[in-house]
């Protein structure tokens, strides 16, 4: 099990385990070292895109909705190579049984 932070580096990606998610983790994370954010209906949580985050299973009969907003500095550029690698990884994950 990994204990990850901005000091220990990136986590290896793996299948998401949830339909519609981009990526999961290749290895389990030590949940005992996690910070907990208890949210009520209608609450929001804002975090850095490299923050490992998860939630308990949705046990209601209503879908759990999410809204993704991305803010980037004007100096940033897209990497065609990285974008291509992302789409290839997504296609592989979506074609594998979950």
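Residue numbers (my numbering): -14 to 83.
Yeah, the Cβ is synthetic: ideal placement off N, Cα and C, and Gly gets one too.
Practice problem: Inspect the beta-carbon positions of residue 34 and residue 55 and report whether they are closer than 9 Å. | Solution: Yes, they are a contact pair.
Self-check item: Beta-carbon proximity list for residue 53, same chain, < 8 Å, skipping 5 on both sides
Solution: none
Quiz item: By Cβ distance, which residues of its chain are closer than 7 Å to residue 30, with the 5 residues on each side in sequence left out?
Solution: 22 and 24
Quiz prompt | Three-state secondary structure assigned by DSSP to residue 69 | solution = In the structure shown, residue 69 sits in a helix (DSSP, three-state: H, G or I).
Quiz prompt | DSSP state of residue 57 mapped onto helix, strand, coil | solution = coil
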